[in-house]
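Visitor: Following our numbering, the numbering of the sequence shown begins with 8 at its first residue and continues without gaps.
Note that CB positions come from ideal geometry on N, CA and C, so glycine has one too.
Quick caveat, the model's predicted, so the values are computed rather than measured.
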Amino acid sequence: MEFVTTREELRTIYKTPRPTDGSIRKELKALDGHCRSFIGKSPFVLIGSSDGTGNTDVTPKGDKPGFAAVLDERTIAIPDRPGNNRLDTLENILLNPSVGLLFLIPGMNETLRVNGDARITVDAGLRERLAVDGKEPQSIVLVTVKAAYMHCAKAFMRSDLWKPETWYDRTTLPTLGQILR
8 MEFVTTREEL
18 RTIYKTPRPT
28 DGSIRKELKA
38 LDGHCRSFIG
48 KSPFVLIGSS
58 DGTGNTDVTP
68 KGDKPGFAAV
78 LDERTIAIPD
88 RPGNNRLDTL
98 ENILLNPSVG
108 LLFLIPGMNE
118 TLRVNGDARI
128 TVDAGLRERL
138 AVDGKEPQSI
148 VLVTVKAAYM
158 HCAKAFMRSD
168 LWKPETWYDR
178 TTLPTLGQIL
188 R
C-alpha cells in the first residue's frame, strides 16, 4: 500500500484552493454575529485536543441550547458538567492548549468549526453564571478563538445523519452496560 507523505504529494491529489474560494474566505479570526447565534442555538459541541506527544482525544459536551457562552468575539466558555471524571481533554489542555471545536444543531446539516487555545478556570462568578438548575459546573474551559468558520453540509447530507428513517433500531444494538460487561 502506498502512503502520501508530503504536502506536495497531497496537492497533486487535491486542488489548491484559491484565495477567492469560499473555503478560504469563510475563515474568520473572531466570532461574528452568525457564529454567536449558532453557538447560542447549539446544545452540543465536540472538543478535540492533544497532549502534544501524539495522544489525542475528542470529547462531547452538551446541555440546553446556548450552554456554551460567548463571552466576547474571541472567547467561548464551555462548562464542564459532572461526567466520567476521566479528564482526558482537561489534562490535554494543561499540556497543549490547542483545541478544535465542532458545534452542532440537531437537524441542521451545517456545523460551526472553531480552532483556538484553551485554558481551564474555576472562576466563581463565571461558574455561577453558567449554573443550570442551581448546579455550577466543576470547571470551565475558556477557548480563545483563532479561527472560526461554518462547515458545509456535505458529510451530513451523504450520511443522512438527521433522517430518523436511516437510523438503526436501538433494540438491535447492545446497551453500554452490555458492552462494558
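By alpha-carbon positions, which one of Leu53, Leu111, Lys142 ends up nearest to Ser44?
Guide: The option with the nearest alpha carbon to Ser44 is Leu111.
Visitor: At what residues does the alpha helix (DSSP H) containing Ile127 begin and finish?
Guide: Ile127 -> not in any alpha helix (DSSP H); beta strand (DSSP E) instead, spanning 118-128.
Visitor: Using DSSP bridges, identify the partner residues of Tyr156.
Guide: In DSSP, Tyr156 forms a bridge with Arg120.
Visitor: Start and end of the alpha helix (DSSP H) containing Thr19?
Guide: 14-20 is the extent of the alpha helix (DSSP H) around Thr19.
Visitor: Out of Ile46, Pro113, Glu80, Thr19, which one is the CA nearest neighbour of Lys36?
Guide: Nearest option by C-alpha distance: Glu80.
Visitor: Between which two residues does the alpha helix (DSSP H) carrying Asp95 extend?
Guide: Here the alpha helix (DSSP H) through Asp95 covers 95-102.
Visitor: Using a 10 Å radius around the Cβ and a threshold of 16 neighbouring Cβ atoms, would you call Thr96 buried or exposed?
Guide: Thr96 should be labelled buried.
Visitor: Are the CB atoms of Leu149 and Thr82 within a distance shorter than 8 Å?
Guide: In this structure, Leu149 lies closer than 8 Å to Thr82 by Cβ.
Visitor: Roughly how far, in whole angstroms, is the beta-carbon of Ser49 from the beta-carbon of Ala75, given that I think they are within contact range, below 8 Å?
Guide: Indeed they touch by this definition, with Cβ atoms about 7 Å apart.
Visitor: Where DSSP assigns a beta bridge to Ser49, which residues make up the other side?
Guide: Its beta-bridge partners do not exist; DSSP assigns none.
Visitor: Between which two residues does the beta strand (DSSP E) containing Ile85 stretch?
Guide: Counting along the chain, the beta strand (DSSP E) containing Ile85 begins and ends at 82-87.
Visitor: Could you tell me the distance, in whole angstroms, from the CA atom of Thr128 to the CA atom of Gln145?
Guide: The alpha-carbon atoms of Thr128 and Gln145 are separated by roughly 9 Å.
Visitor: Looking only at its own chain, which residues have a Cβ that is under 6 Å from the Cβ of Ile85, when we skip the five neighbours before and after it?
Guide: Lys68, Ala75, Val148, listed in sequence order.
Visitor: Tell me the DSSP bridge mates of Ile54?
Guide: Note: Ile54 sits in a beta bridge opposite Thr66, Leu108.
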